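Inspection log for the structure reproduced underneath, given as structure tokens.
Protein chains in written order, with this note's numbering: chain W, 179 to 524; chain E, 179 to 524.
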């Protein structure tokens with residue numbers, strides 16, 4: 179890992195573990211717990227951009243100088259560019275100075291990235307710009323930005339939540355190809371998608387990553403801002419290849435519209451999806467969904483109907499743990515694996 | 179890697195590199211060159227099962243005791259169970275005693291595996307049984323076989339040629355989940371799909387693999403039994419996520435029918451696929467395909483129409499090399515990566 183990268187995040191232990199900015203579910207408690215354990219925690223986008231500002235305030239209070247750092251706040255924050263208000267976001271960044279801002283899903287690719295990045299850097303020079311991509315084409319576009327990102331996250335097809343709809347690929351092929359194209363930029367790359375333990379972190383590093391981002395694993399963290407029914411389902415589900423799929427159905431059932439068409443979320447399938455495949459109309463599914471939403475935690479699970487965004491790594495997750503334990507076990511798992519594989523010269 | 183595994187293949191150097199049994203294209207010259215370089219080369223299925231017998235005869239002549247080994251022939255051989263004749267295959271295995279037989283794509287899952295395995299073991303006790311799977315469900319079925327395989331190859335969605343049609347997943351999530359389910363069996367696992375260099379091999383080992391299988395990388399080996407036009411296209415293609423797709427179209431254009439419905443091949447897309455997506459009829463595409471087939475090497479490439487089965491790793495392959503160099507560079511690349519990442523204790 180580049181020495182300069184760790185220098186920007188002085189509380190982070192190697193290998194570098196990051197918790198993804200999952201919308202609403204990555205709240206300040208989760209982000210702070212991850213950073214406190216020597217990872218880098220990201221606060222996710224809120225239902226409204228102002229909610230994220232409130233989360234930064236809470237994180238700032240929670241941290242209260244308990245994590246040794248530079249002048250920046252030792253948590254990051256994520257925004258969805260197509261949906262978030264850049265003015266509100268930049269005001270929050272200027273006030274709270276998060277160490278990193280994660281930009282994703284622009285409406286107008288390069289233009290949005292340059293605009294957000296230049297405004298963020300003016301407001302908070304100590305804040306690093308992270309951009310998440312999922313294709314080689316995006317990697318090439320990043321190389322042309324006037325405002326070059328500090329870190330690029332490469333998301334594979336295994337990922338949960340929103341990822342590329344039709345042009346994604348597993349990290350095993352995607353990551354090294356992106357790494358080769360971006361090598362000359364010397365921008366550190368992180369791997370995201372399908373990673374849930376130290377094996378995946380070590381594998382990502384072998385592919386060229388400076389560290390790994392985990393989302394789904396942290397849905398089963400005790401600090402996640404998530405309903406019990408949803409979290410139970412992440413723990414229960416296995417065989418991610420068939421128990422999850424990419425579909426816009428659950429966005430639409432929840433009334434979420436407007437994502438740029440390049441994106442589609444991976445979710446654990448349940449009755450809503452099964453019955454859609456069987457031909458039930460959206461109108462019928464919507465009525466049943468809204469009834470299920472009133473049922474609370476019973477609304478999730480194989481016979482449930484509520485959105486359960488999660489990645490293909492669900493089968494690697496068997497329990498709810500403290501975020502700090504997840505960070506430490508992932509880091510130690512990767513170290514142990516690399517030590518076991520170390521080729522002793524004869 | 180299990181010591182007992184390497185003991186079965188005494189000429190193999192660690193980390194363990196395998197060339198996949200690609201139909202027709204993995205001929206005896208390729209398989210022998212891979213084993214000669216300290217890997218394990220597999221001869222692929224032929225157009226007819228008898229062709230494979232002839233390939234084993236050629237490999238046996240080529241080797242002529244030049245590779246230090248046990249009593250078994252230091253190359254493997256692959257069969258497609260739905261298409262190959264078990265009687266002809268077992269007779270060849272009895273005569274040539276390949277060190278490993280790779281079984282794939284049965285019509286009747288467990289029954290076919292047990293039948294082939296018991297007959298092979300009776301005919302050639304020194305031959306090890308390798309079985310390739312692509313799903314967690316298959317992994318669980320293997321655990322119930324009366325004839326337990328010696329090695330299991332776990333193929334991810336990134337793979338080229340025939341893989342799972344609708345229930346595959348990238349290795350980053352699939353492999354560790356399969357490894358956990360199979361851990362109690364202590365059967366060594368190999369990773370296949372999307373791996374084309376030492377980074378992928380090292381990553382696979384971190385996920386728990388005893389070694390890696392590469393197919394597409396060896397299509398661009400000088401010893402591959404492949405048309406120049408096809409090979410040039412593997413070298414040319416990049417951005418495997420969008421330049422390749424799974425489709426049955428090319429099988430059907432070539433007159434190949436009968437694969438069990440669970441399987442579908444990944445191929446580099448060209449005019450046949452593009453025009454199918456635009457609505458051109460199969461009959462028209464077939465006429466154009468057959469004309470292109472007469473054009474020889476011009477029939478491949480972006481404006482070509484011929485089947486170009488290949489994996490999502492095409493973007494990592496930039497030149498044709500000797501198979502021995504591919505094996506050595508992959509192995510050394512993995513060793514270097516693992517040495518770089520070795521966590522020195524403070």
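Even for Gly, the Cβ is constructed at its ideal location relative to N, Cα and C.
As the structure is a computational prediction, the values presented were derived from the model and not from experiment.
Proximity of residue 454 of chain W and residue 494 of chain W at Cβ, strictly below 7 Å: no
Closest by C-alpha distance to residue 315 of chain E, when choosing among E:332, E:301, E:299 and E:188: E:332
C-alpha gap between residue 434 of chain W and residue 380 of chain W, whole angstroms: 36 Å
Cut-off 7 Å between Cβ atoms - residues of its own chain near residue 412 of chain W, not counting five sequence neighbours on either side: 394, 397, 398, 488, 492 and 495
Residue-level contact to chain W via CB, residue 345 of chain E, 7 Å cutoff: yes
Neighbour flag for residue 480 of chain E against chain W, beta carbons, 7 Å: no
Chain-ordered chain E contacts of residue 185 of chain W [CB-CB under 9 Å]: Result: empty, since nearest Cβ-Cβ is about 17 Å, beyond 9 Å.
Neighbour flag for residue 515 of chain W against chain E, beta carbons, 7 Å: yes
Beta-carbon proximity of residue 374 of chain E to residue 441 of chain E, cut-off 7 Å: no
Residues that residue 420 of chain W contacts on chain E, provided the C-beta gap is smaller than 7 Å: 345
Coarse secondary structure for residue 392 of chain E, derived from DSSP in three states: strand
Contacting residues, own chain, Cβ-Cβ under 6 Å from residue 327 of chain W (five flanking each side not counted): 307 and 309
Neighbour-count burial assignment, residue 300 of chain W, 16 or more Cβ in a 10 Å radius: exposed
Limits of the alpha helix (DSSP H) - the one that residue 238 of chain W falls within: 227-241
Segment contact, 8 Å Cβ cut-off, at least three pairs: the segment 402-420 of chain E with the segment 470-488 of chain E: yes
Residue-chain proximity (residue 521 of chain E, chain W), Cβ-Cβ < 7 Å: yes
Chain E contacts from the segment 371-399 of chain W (Cβ-Cβ distance under 8 Å): 371, 372, 373, 374, 375, 377, 378, 380, 381, 382, 383, 384, 385 and 386
Contact the segment 251-259 of chain E vs the segment 273-283 of chain E: 3+ CB pairs below 8 Å: yes
Residues that residue 339 of chain E contacts on chain W, provided the C-beta gap is smaller than 7 Å: The premise fails here: residue 339 of chain E is roughly 14 Å from chain W at the closest Cβ pair, so nothing lies under 7 Å.
Interface flag, residue 216 of chain W vs chain E, CB-CB below 7 Å: no
Proximity test, Cβ basis, 7 Å: residue 524 of chain W and chain E: The pLDDT assigned to residue 524 of chain W is 41, lower than 50, so where the model puts this residue is not dependable; a value taken from the coordinates is nonetheless given after this. No, residue 524 of chain W lies away from the interface with chain E (no Cβ there is under 7 Å from its Cβ).
Whether residue 221 of chain E touches residue 255 of chain E by CB criterion (7 Å): yes
Nearest-angstrom Cβ-Cβ length linking residue 503 of chain E and residue 419 of chain W, presumed shorter than 8 Å: Their Cβ separation, rounded to whole angstroms, is 35 Å, which puts residue 503 of chain E and residue 419 of chain W out of contact at 8 Å.
Straight-line gap, residue 323 of chain W to residue 363 of chain W (C-alpha atoms, nearest Å): 12 Å
Bridge-paired residues (DSSP) for residue 442 of chain W: W:341
Buried or exposed by the 16-neighbour rule on C-beta atoms within 10 Å, applied to residue 465 of chain W: exposed
Chain E contact for residue 351 of chain W (CB, 7 Å cutoff): yes
Residue-chain proximity (residue 497 of chain W, chain E), Cβ-Cβ < 7 Å: no
Helix, strand or coil at residue 490 of chain W according to DSSP, with G and I counted as helix: helix
Residues bridged to residue 311 of chain W (per DSSP): W:332
Residue closest to residue 338 of chain E, alpha-carbon to alpha-carbon, out of W:337, W:347 and W:341: W:347
Buried versus exposed call for residue 303 of chain W [16 or more other C-beta atoms within 10 Å across all chains shown]: exposed
Chain W within 7 Å of residue 335 of chain E, Cβ atoms only: yes
Inter-residue spacing [alpha-carbon to alpha-carbon] between residue 432 of chain E and residue 498 of chain E: 26 Å
Min CB distance residue 493 of chain W to chain E below 7 Å: yes
Under 9 Å by beta carbon: chain W residues contacting residue 263 of chain E: By Cβ distance, chain W contributes nothing, its closest Cβ being about 32 Å from residue 263 of chain E, past 9 Å.
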